[in-house]
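What follows is a set of notes on a single structure, which appears directly below.
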């Protein structure tokens, strides 16, 4: 499954959704984070803390 997920050719939304649906919980936990994650200059565990 990881090979499919990392395959840059995989762009079909339905195919990606099928891969996400196949992942057992709680491997991925969506959360809102600050916009600091948008810059490669920022690094640290605080970047994955939930946004206020």
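Residue numbers (this note's numbering): 31 to 82. Glycine is no exception: its CB is placed at the ideal position from the N, C-alpha and C atoms.
DSSP-derived helix/strand/coil call for residue 48: Along the chain shown, one-based indexing puts residue 48 at 18. It is helical.
Do the CB positions of residue 57 and residue 79 come within less than 9 Å of each other? Walking along the chain shown from the start, residue 57 turns up at place 27. Walking along the chain shown from the start, residue 79 turns up at place 49. Contact flag unset, no.
Any idea what DSSP makes of residue 68, helix, strand or coil? To locate residue 68, count along the chain shown from 1; it is residue 38. In this structure, residue 68 counts as helix in the three-state DSSP scheme.
What is the DSSP secondary structure of residue 34, counted as helix, strand or coil? The residue labelled residue 34 in the question sits at position 4 within the chain shown. Three-state result, residue 34: helix.
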